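Data block below; observations after.
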Ligand SMILES: NC(=O)c1ccc[n+]([C@@H]2O[C@H](COP(=O)([O-])OP(=O)(O)OC[C@H]3O[C@@H](n4cnc5c(N)ncnc54)[C@H](OP(=O)(O)O)[C@@H]3O)[C@@H](O)[C@H]2O)c1
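Numbering (full-length UniProt numbering), first residue to last: 1 to 345.
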């Protein structure tokens with residue numbers, strides 16, 4: 001049986017609806033019993049209300065748990081620990097680098113517990129991770145990967161709060177296998193997405209943690225297409241004192257909690273996202289590129305998370321720490337509804 005934790009959040013509810021439509025009959029979970037009861041009634045599901053610290057006592061009959069409660073830095077540890085203790089497979093929709101790294105560190109424990117740990121089964125990182133896998137399949141000796149996306153135009157409360165968690169932490173790249181700090185928005189480049197060319201800005205996306213696991217490529221840079229004014233704002237924030245950023249954080253959190261709602265159903269149905277990647281072998285100068293077009297990021301997240309949970313429930317993923325492209329191959333993303341690609345260059 002599948003348990004969806006965080007099922008009354010913006011994305012958790014979408015995931016729960018998608019899982020029910022797929023015939024999975026999940027048990028819904030989260031810490032607020034009243035909000036959970038409403039979502040469970042609307043989807044005709046069983047529910048269990050408990051805080052993350054009590055996950056272990058609530059796993060009866062659960063084979064796979066899909067965590068949708070974020071920021072994940074606040075939730076993943078007790079949930080992962082309980083899953084490992086009870087031999088339950090764990091998935092989530094994090095995009096937080098520290099969370100990927102924390103979960104990857106439990107690879108050996110998970111293998112011993114015969115449990116799969118598969119974080120990042122949303123827009124971050126399914127399309128980019130499968131793109132990385134596709135590129136590495138084409139150029140197995142690649143030394144460098146560059147990954148970019150466009151189309152995250154409207155975000156949910158949880159995504160904005162998760163992004164605020166990293167306020168003031170700057171940027172990052174992966175070099176020679178090591179995660180290195182860089183100033184925020186430290187690089188830009190032009191990228192030929194399938195619909196049109198855009199300037200993209202370096203941001204610390206989850207693939208900095210996952211792509212080396214998926215491909216073995218030790219150098220990774222990740223970019224997003226963001227408006228020029230946002231890029232200038234990000235660069236300007238480098239000069240703000242970190243104490244000032246710390247002081248501003250609670251105010252920004254309150255603002256997000258009061259004002260951010262997430263994309264409307266119409267926006268989810270009509271929106272698209274573009275993904276591009278390049279693998280290079282610095283020793284030979286050889287390089288390959290590819291691109292994908294996907295549904296709107298939250299719509300893709302619900303489909304990808306449920307498809308990944310179905311595959312894990314079906315025994316398709318090995319025990320231990322896994323990445324989407326590593327566990328299921330590059331075609332995992334192109335098999336999702338509404339995804340077109342890979343368009344190789
Ligand atoms: N990978 C991707 O591409 C992708 C896509 C979508 C979302 N996400 C991530 O998913 C997370 C949720 O996003 P959302 O849009 O659903 O946000 P949301 O609407 O704010 O929902 C967040 C959910 O998490 C729960 N939660 C938060 N902290 C918790 C804690 N300490 N213990 C128990 N439950 C907790 C909330 O419960 P309460 O209301 O009781 O606090 C709520 O149910 C965010 O981190 C977001 O970045 C990732």
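We put the CB at the ideal spot given by N, CA and C, even for glycine.
Bear in mind that the values here come from a model prediction, so they are computed numbers and not experimental data.
Given residue i as reference, the closest of the options once Cα atoms are compared
| i | options | result |
| --- | --- | --- |
| residue 75 | 86, 60, 98 and 63 | 98 |
| residue 150 | 201, 84 and 177 | 201 |
| residue 104 | 209, 145, 85 and 190 | 209 |
| residue 106 | 320, 342 and 340 | 320 |
| residue 69 | 60, 80, 62 and 61 | 80 |
| residue 285 | 174, 144 and 173 | 144 |
| residue 190 | 24, 290, 223 and 318 | 223 |
| residue 277 | 271, 185, 291 and 65 | 291 |
| residue 263 | 300, 44, 89 and 289 | 300 |
| residue 379 | 129, 138 and 281 | As shown, the chain starts at 1 and ends at 345. That puts residue 379 outside it, with no answer to give. |
| residue 155 | 322, 64 and 267 | 267 |
| residue 218 | 344, 131 and 282 | 282 |
| residue 331 | 24, 1, 135 and 100 | 135 |
| residue 270 | 225, 73, 338 and 310 | 338 |
| residue 312 | 124, 343, 90 and 250 | 90 |
| residue 340 | 314, 316, 265 and 195 | 195 |
| residue 261 | 109, 2 and 10 | 10 |
| residue 272 | 64, 54, 327 and 123 | 123 |
| residue 257 | 93, 73, 25 and 157 | 157 |
| residue 428 | 275, 73 and 54 | In the structure displayed, the chain extends from 1 to 345; residue 428 sits before or after that span and is not available. |
Identified DSSP bridge partners for residue i
| i | result |
| --- | --- |
| residue 147 | 222 and 277 |
| residue 197 | 192 |
| residue 181 | 172 |
| residue 27 | 3 |
| residue 89 | 64 |
| residue 129 | DSSP lists no partner for residue 129. |
| residue 344 | 290 |
| residue 270 | Per DSSP, none; premise fails for residue 270. |
DSSP three-state assignment for residue i, whether helix, strand or coil
| i | result |
| --- | --- |
| residue 8 | coil |
| residue 124 | coil |
| residue 73 | helix |
| residue 100 | helix |
| residue 48 | strand |
| residue 68 | coil |
| residue 289 | strand |
| residue 152 | coil |
| residue 139 | coil |
| residue 294 | strand |
| residue 112 | helix |
| residue 202 | strand |
| residue 283 | coil |
| residue 35 | helix |
| residue 106 | coil |
| residue 318 | coil |
| residue 117 | strand |
| residue 95 | coil |
| residue 262 | coil |
| residue 216 | coil |
Proximity test, residue i beta-carbon vs ligand 2 heavy atom, cut-off 7 Å
| i | result |
| --- | --- |
| residue 264 | Ligands displayed in this structure: ligand 1; ligand 2 is not among them. |
Under 8 Å between C-beta atoms of residue i and residue j
| i | j | result |
| --- | --- | --- |
| residue 71 | residue 179 | no |
| residue 205 | residue 95 | yes |
| residue 36 | residue 5 | no |
| residue 395 | residue 308 | Residue 395 lies beyond the stretch modelled for the chain, which goes from 1 to 345, so this question has no answer here. |
| residue 304 | residue 336 | yes |
| residue 120 | residue 295 | no |
| residue 33 | residue 16 | no |
| residue 152 | residue 297 | yes |
| residue 185 | residue 133 | no |
| residue 173 | residue 215 | no |
| residue 59 | residue 86 | yes |
| residue 225 | residue 198 | yes |
| residue 280 | residue 113 | no |
| residue 21 | residue 39 | no |
| residue 147 | residue 159 | no |
| residue 27 | residue 45 | yes |
| residue 288 | residue 127 | no |
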